[in-house]
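Note that the protein sequences, when read in sequence, are chains A and C.
According to our numbering, the first sequence holds residues 20 to 230 in order.
According to our numbering, the second sequence holds residues 45 to 312 in order.
What follows is a single structure, written as structure tokens, with notes after it.
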Amino acid sequence: MRIGAVKRGYTALLKISGLGSDLIGPIDLEVATGTCIAVRGPSGSGKSLFLRAVADLDPNDGVVVLDDEDRGAMLAYEWRRHVALVPAESGWWGDLVAEHFTSGNDPGAFLEAVGLVEALDWQVARLSTGERQRLAIARALCNRPRVLLLDEPTAALDQAATGVVEDLIAAQCRAGVSVVMITHDPAQAARLASRTYLMDAGRLRPSERVS
Amino acid sequence: MTGYIPLSVLDLVLASVFLVLNAGFSLALRLGLERQLLIAALRMIVQLLMVGLLLKAAFAIASPWVTLGIAAVMVAFAGREIHARQERQLRGAWGYGVGATSMIVAGALVTIFALTSQIQPSPWWTPQFALPLFGMILGNTMTGVSLGLDTLHTAVSRERTAIEAQLMLGHTFRQSIAPVMRRALRSGFTPIINAMAATGVVSLPGMMTGQILSGVDPQQAVKYQLLIMFLIGGATGLGVLGAVFASAWRLTDPRHRLRLDRLRKQEA
């Protein structure tokens with residue numbers, strides 16, 4: 020079964036077919052250039068495992084193609100620079116925020132976009148959960164990925180910060196980045212995503228068309 | 045040079061008086077250590093008496109195969125000890141294999157090197173020299189390897205999100221795990237570095253003390269001790285490096301993933 024066939028006239032940037040592991044799949048999905056799709060579903064249904072499988076962080080089967088380039092033909096770390104995963108709980112390994120922005124690209128614009136332009140000198144240990152979440156998105160964007168995989172990107176944010184992050188996601192889509200976003204908020208899915216899917220027991224199926 | 049003074053059984057019984065006193069304190073203060081003290085002391089007595097008999101027989105037979113057989117038994121016990129001392133172990137044969145192989149390669153290499161180029165007994169495998177030397181090198185390498193592996197496996201499990209965050213940003217596995225590996229290597233090297241730094245100032249090493257008590261000239265005893273410390277330090281370093289790198293290699297795959305599914309937590 021082919022899920023989410025792309026509308027005529029769109030270029031399918033990310034094509035996933037038969038993606039699966041011990042716990043999820045097989046999953047077929049196509050995501051067009053510059054579109055955002057939302058994935059909803061109960062906790063434990065396999066949403067995060069699905070994003071991890073696309074980023075190739077767990078052993079998995081299936082074919083994933085980015086702009087006609089097969090994932091298996093790319094070095095894993097190059098793949099992850101193009102397909103950036105921002106998990107629900109971000110990881111930090113240095114003491115200062117600046118130590119996590121080492122991709123070579125200027126993080127200024129992305130830090131400004133998440134409203135944390137002064138954060139480079141801050142101590143990671145003193146960041147709030149929301150600040151961590153926004154900085155993790157800015158950090159991933161520094162690699163200028165073509166696909167963004169976001170796992171509940173605004174779960175820890177207040178209303179104002181949620182608006183900031185949603186604006187950023189919309190801007191990324193306008194710039195041609197494809198976004199796959201896990202969210203529990205139907206209203207957020209309606210605001211940002213062109214399509215919504217439901218994850219149920221490791222299988223993905225289309226939900227209502229949002230726009 | 046006065047030669048060594050033979051010890052009687054009564055001397056040994058007298059020497060154990062303070063240990064018995066400690067057990068008495070443990071009873072009086074309800075520390076609950078008396079049983080452990082007693083069992084550890086009894087184990088030591090039995091093990092040392094048996095090893096004494098075994099070594100005496102091995103020296104008398106003087107066969108390379110008997111020497112090799114005893115060395116193999118020592119390796120088997122040390123490998124098991126490395127495995128048991130890790131809170132999280134690699135699954136399957138890797139769990140025993142990584143630590144034991146690193147220890148054997150490093151221990152055997154350094155021991156054979158010392159026997160053939162420095163001590164040079166004839167034949168080079170003479171059990172009187174080969175077995176105690178191998179035992180000392182093996183014991184210290186075992187400690188270093190088990191500490192290094194335990195630190196590595198505990199750290200990768202606890203710091204999974206930090207390591208994977210780096211992988212998600214397009215870092216290689218080697219870059220992502222480098223800080224954890226450095227910590228594991230430091231942990232494995234620490235005992236031997238501390239031992240070398242403290243030797244002669246804080247403590248007189250057991251082997252050197254034993255030689256001096258046996259009537260050997262202190263300067264000769266010091267030379268032997270230096271030789272042993274160099275060998276132990278070298279073998280421990282090689283063993284720890286080998287084990288930590290091999291285990292890190294096992295904890296990833298060609299797609300630069302962190303494979304924590306290849307670790308299991310030891311049941312308490």
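Heads up, the beta-carbon is just placed ideally off N, CA and C, and yes, glycines get one too.
Identify the contact partners of residue i in chain C, using a Cβ-Cβ distance below 8 Å as the criterion.
i         : result
Trp-112/A : Glu-203, Ala-206, Ile-207, Ala-209, Gln-210 and Pro-223
Glu-171/A : The contacting residues do not exist; Glu-171/A stays about 15 Å from chain C at best.
Leu-104/A : Met-212
Ser-109/A : Thr-205 and Ala-209
Arg-158/A : Leu-213
Between which two residues does the beta strand (DSSP E) containing residue i stretch?
i         : result
Ser-197/A : 197-201
Asp-114/A : Unbroken run through Asp-114/A: none, as it is neither H nor E.
Gln-133/C : 132-134
Leu-307/C : 307-309
Thr-253/C : Note, Thr-253/C: premise wrong, no beta strand (DSSP E); alpha helix (DSSP H) at 250-257.
Leu-217/A : 214-219
Under 6 Å Cβ to Cβ from residue i, same chain only, skipping five residues before and after it: list those, please.
i         : result
Ala-144/C : Gly-123
Lys-309/C : Arg-132
Met-218/A : Val-58, Gly-60, Ser-64, Gly-65 and Lys-66
Gln-152/A : Ala-175
Trp-168/C : Leu-159 and Thr-160
Ile-43/A  : Gly-65, Leu-68, Phe-69 and Gly-221
State the start and end residues of the unbroken alpha helix (DSSP H) segment that holds residue i.
i         : result
Tyr-268/C : 262-294
Tyr-140/C : 137-158
Leu-167/A : Run containing Leu-167/A: none in the alpha helix (DSSP H); it sits in the beta strand (DSSP E), 166-170.
Thr-234/C : 217-242
Arg-204/C : 204-212
Asp-186/A : 178-193
Arg-87/C  : 78-105
Thr-173/A : That residue, Thr-173/A, is in no alpha helix (DSSP H); it is neither H nor E in DSSP.
Gly-123/C : 108-128
Asp-140/A : Careful: Asp-140/A lies outside any alpha helix (DSSP H) and carries neither H nor E.
Gly-123/A : Neither: Gly-123/A is in no alpha helix (DSSP H) and is coded neither H nor E.
Pro-9/A   : Any answer about residue 9/A is impossible in this case: the structure gives chain A only from 20 up to 230.
Ala-155/A : 148-160
Only counting the same chain, and skipping five residues up and downstream in sequence, which positions put a Cβ closer than 8 Å to that of residue i?
i         : result
Phe-173/C : Leu-159, Ile-163 and Pro-165
Glu-185/A : Thr-173, Gln-207, Arg-210 and Leu-211
Gly-183/C : Ala-122
Asp-86/A  : Leu-32 and Arg-165
Ile-207/C : Val-200, Ser-220, Ile-221, Val-224 and Leu-302
His-203/A : Arg-59, Glu-171 and Ala-174
Asp-297/C : Arg-303
Leu-126/A : Checking the displayed sequence, the identity of residue 126/A turns out to be Pro instead of Leu. Answer for Pro-126/A: Phe-120, Leu-139, Ala-157, Arg-158 and Cys-161, listed in chain order.
Ala-95/A  : Asp-75
Gly-188/C : Gly-232, Phe-233, Pro-235, Ile-236, Thr-280, Gly-281, Gly-283 and Val-284
In chain A, what lies closer than 9 Å to residue i by C-beta?
i         : result
Thr-155/C : Result: empty, since nearest Cβ-Cβ is about 39 Å, beyond 9 Å.
Arg-301/C : Asp-75, Leu-76, Asp-77, Pro-78 and Ala-95
Under 7 Å Cβ-Cβ, which residues of chain A neighbour residue i?
i         : result
Thr-280/C : Chain A residues near Thr-280/C: none, gap ~28 Å exceeds 7 Å.
Would you mind telling me which residues of chain A sit closer than 8 Å to residue i, beta carbon to beta carbon, in chain order?
i         : result
Thr-216/C : Tyr-96
In chain order, what residues of the same chain lie with their CB nearer than 7 Å to the CB of residue i, ignoring the 5 residues before and after it?
i         : result
Asp-114/A : Gln-142 and Val-143
Met-186/C : Ala-122, Glu-125, Ile-126 and Met-147
Asp-41/A  : none
Ser-36/A  : Asp-47, Gly-81 and Val-82
What residues of chain C sit near residue i, judged by a beta carbon separation below 7 Å?
i         : result
Asn-162/A : Leu-213 and Gly-214
For a contact defined as C-beta to C-beta under 9 Å, what are the partners of residue i on chain C?
i         : result
Ser-122/A : Leu-213 and Gly-214
Arg-99/A  : Leu-211, Met-212, Leu-213, Gly-214, His-215 and His-300
- Message: Across the segment 252-262 of chain C and the segment 124-133 of chain C, are there enough close Cβ pairs to call them in contact, namely three or more that are closer than 8 Å?
- Response: no
- Which ranges does the beta strand (DSSP E) cover as unbroken runs of at least 3 residues, wholly within the segment 41-102 of chain A, from first to last along the chain? 46-51, 55-59 and 80-85
- Sufficient close CB pairs (3 or more, under 8 Å) joining the segment 67-78 of chain A to the segment 53-63 of chain C: no
- Message: Under 8 Å, with one C-beta from each stretch per pair, do the segment 133-141 of chain A and the segment 152-163 of chain A reach the 3-pair mark?
- Response: yes
- Counting pairs of beta carbons, one from the segment 64-76 of chain C and one from the segment 82-100 of chain A, are three or more of them closer than 8 Å? no
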